[in-house]
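Here the structure comes first, spelled out in structure tokens, and everything after it is commentary.
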Amino acid sequence: MNADNFVRIKDSLATKLLRTVFSFYVVIAVAVTVAHMVIDYNYQKDNITKDLKNIQKTFEKGLSVNLWQLNQEALETAVKGMLEVPMIVGVKIQNEDGIEVVCGGIISRNDNVENLVLQVDIAGLSDQAAYNPINQSYQFELFEHSFPVHYVYENKSRYLGEVTLYSSSTVIYRRVKLGFLMLIVNAFVKTAALWFIFLFFATYLLRKPLAGFTRALRNISLDDLSSAKIEVETKNPNELKLLEQSFNDMINNLQLSVIKRENAENEIQKNKILLESSIESPKMAILSIDKHYNYMYFNQVHFNTMAAVYNQEIAVGKNIFECMTDQGDIEKSKRNFDKAMRGEQHVTVEQFGDIERSFYETRYNPIFDENKEIIGATAFAEDVTKRKLDDEQLKASVREKEILLQEIHHRVKNNMQVINALLKLQADFVDDESVKQTINDCQNRVYAMAAVHQTLYSSDKLSEIDFQLYLSNMIAAIFETYSSERERVVINTDVANATITLNQAYPLGLIINELLTNSLKYGFPDNREGEINVVFTKQDCKAQLVVADNGIGMGKVTDWKSCSSLGLKLVTTLAEDQLDGAIDLINDIGTRFIITFEVES
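The sequence shown begins at 686 in our numbering and counts up by one.
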């Protein structure tokens, strides 16, 4: 079908526009014409009223003389003269008593319009004469002009009666009928001419270009968009020219969109291949269900798994719970999918299966649409039975090793306690106080190491110990050795909530033992009272141990690291060699040892 003939003229946009515009135009033209006629009618009516006033001036004096003289013949002649005037259709004269004495022409009486012959009776018309109808009722509008009649006699004005002149709309019609006719013909001719002119130009300026647009639109093909471009024949830029530019711009954008779409389709195809290769992983089962638990998607791994585990063949649109034969598995799956459909991402490791049950690690995620509404859930499941069994075996092995290590720590602690007991027994058989003191020092050192194993034995973690608990146990043991100083010397501890490794627990314990022992032995002679402060702080990878007393101090010592004291040599060696740290002594009021080192992770 040809595009030009596709839309009939009567159905075209130009014709509809023309019909609508001229409907309004005709209404407006009729209204203007009627208004013009009404205005002209009222104008002519006002002119006739003015003319009636002029006629009053002409006949007023003669009528007053005739009425005064009771000259009936002259009065009849005067009335006939007035009726000869074209604009007067009726005359009525009343005497001073209101009685009609003249009635002629077309007069309105008692709301009826009647044609009456001229009747003149100075004595007053009879009812029969006054109301004697000659023709049928008069159908046009009557309007009147009344004026009183006076006669001056002996310098006094006497009222003789009232004259009423009648005119009608027929007079106006005779005056304006030609003008009205020309006005109607003029409006009709202009309307018809404008109709054909508008139709011609609407067809040329609107329908023809739109037909070109129609052909172009029908020729649009994504394979050859260049042939769909159009060109409107117009000299000046107008709406159609803008429409042409917009249409051609649309074609250009469509060409770009087609190119982008082709590139996007190629990219989507590549991503589809990559995605399919990913979701068809031989290890991971992937599935998606809607809010009614019906399959929306699944990969081959899940298809094979359901066939192997439940002996069921699944399909898109089928309810997942209809494909599971174990009631417990149905309840677990429903609970997990419901949680995901509430917007919660979660991971579970649970057993599934009918005859042979396996462990599956499943990650559940909600599926959102473009409005952020949850429309379903996705599950990624992997068979982790072997890993689960390996983990359980590893945990059992670790537990066995932990029990073995605890047993080792317990036995080492017991062996050291045996050594401690032997040293104590040996000290009981020694009379030399210096030798006895040396044995006591050895006892404290052995207990410092035994306390490490005691703390580890009672701890859940065998790789590190609670330093605060370890320090309190060791201080209690030292006070037990130096029981005489318990009431004179107070030991204050400020240990942060910190743990240390086994490698650093040994040297730290021995250092604290040596420094506390030295303070108790030498810092408070002659039953002096005082206090010892032990502060341990740990921040990031750095730790600091401060052991300070307010005793008598060490005096003026220039090189305290080179002194002959075994305890100080042991402290220096442990701090610098075992802890890889630094040790400083402040010897102003009492003694203050500061040891800094890096904490093992």
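By construction, the Cβ of each residue, glycine as well, lies at the ideal position given by its N, Cα and C atoms.
Nearest-angstrom Cα separation, counted from residue j out to residue i
i     : j     : result
V1220 : E1285 : 19 angstroms
Q997  : Q1012 : 15 angstroms
T855  : A720  : 19 angstroms
G1275 : E1172 : 19 angstroms
G789  : Y836  : 23 angstroms
E1149 : I1059 : 48 angstroms
N817  : Y728  : Any reading at N817 must be qualified, since the residue scores a pLDDT of 47, below 50, and its modelled position is unreliable; the value itself is stated next. Looking at the two C-alpha atoms, the distance is approximately 34 angstroms.
S822  : I882  : Note that S822 has pLDDT 42, beneath the 50 cutoff, so the model's placement of it is unreliable and the number below is only indicative. Between S822 and I882, the C-alpha separation is close to 49 angstroms.
H830  : L850  : 5 angstroms
E929  : W880  : 28 angstroms
F744  : M722  : 33 angstroms
G783  : Q741  : 19 angstroms
K1017 : Q940  : 53 angstroms
V1034 : E950  : 39 angstroms
E799  : A763  : In this predicted model, E799 has a pLDDT of only 46, less than 50, meaning its place in the structure is not dependable enough to derive any value.
I1104 : R1072 : 47 angstroms
E1077 : I1015 : 26 angstroms
S1237 : F1209 : Here residue 1237 is Ile; the residue named in the question, Ser, does not match the sequence. Taking the straight line from one Cα to the other gives about 7 angstroms.
T1186 : N1125 : 27 angstroms
N690  : Q954  : Residue placement at N690 cannot be trusted, given a pLDDT of 43 that sits under 50; what the coordinates show is reported in the next sentence. In a straight line, the C-alpha of N690 is about 44 angstroms away from that of Q954.
I999  : A1183 : 57 angstroms
Reference residue i, options the options, closest by Cα
i     : options                       : result
I1176 : T1184, S1018 and L1201        : L1201
E781  : N989, L702, G846 and I953     : G846
N1004 : N1188, V1034 and G1061        : G1061
D1039 : I1015, T1010, E745 and V1120  : T1010
F1164 : I1124, L1205 and C1127        : L1205
T1123 : L941, N1203, Q1036 and T1178  : N1203
V1180 : N1198, L1156 and L1195        : L1156
D1023 : K1057, N1056 and K976         : K976
Y982  : N938, T1063 and I953          : T1063
V1232 : Q1224, F1278 and D1262        : F1278
E1029 : N1050, E1046, N948 and I1280  : N1050
Q1229 : D1211, G1208 and D1269        : D1269
S842  : G1002, N739, L1074 and V750   : V750
K735  : N1182, R859, A1162 and M772   : M772
K1223 : V1256, M1239 and D1151        : D1151
D1273 : D1113, M1239, D1265 and L1074 : M1239
A1190 : F1209, T876, A1162 and L1154  : L1154
V770  : S931, A1081, V706 and I733    : I733
Q1036 : I999, L1074, T718 and A1162   : L1074
F885  : M1159, Y844, K1227 and L702   : L702
Bridge partner(s) assigned by DSSP for residue i
i     : result
T1047 : T1033 and A1066
D1269 : I1279
V1232 : V1219 and F1278
A1081 : Note: A1081 sits in no beta bridge, so no partner.
E1149 : T1186
M969  : E1067
L850  : V776 and H830
R843  : Y836
N1177 : N1218
K1305 : Residue coverage of the chain in this structure runs from 686 to 1286, which leaves residue 1305 outside it and unanswerable.
N979  : N1004
I1059 : F1053
Contact check, residue i vs residue j, beta carbons under 9 angstroms
i     : j     : result
G1288 : D1234 : Nothing about residue 1288 can be read from this structure; the chain reaches only from 686 to 1286.
E1067 : M969  : yes
I971  : F1065 : yes
L1259 : I1196 : yes
E1055 : V1069 : no
Y978  : G1002 : no
A714  : A872  : yes
G766  : V786  : no
L1193 : L1255 : no
Supposed close pair residue i, residue j - CB separation, criterion 8 angstroms
i    : j    : result
L748 : V848 : 6 angstroms
V874 : L752 : No, V874 and L752 are not in contact; Cβ-Cβ is about 55 angstroms, not under 8 angstroms.
I869 : Y726 : Rounded, the Cβ-Cβ distance is 14 angstroms, inconsistent with contact.
S852 : L737 : 6 angstroms
Closer than 8 angstroms: residue i CB and nearest the ligand COA heavy atom
i     : result
T1257 : Ligands in the displayed structure: none, and consequently the ligand COA is not present.
9 angstroms Cβ cutoff, residue i in contact with chain C
i     : result
A1161 : No chain C is part of this structure, which consists of one protein chain only.
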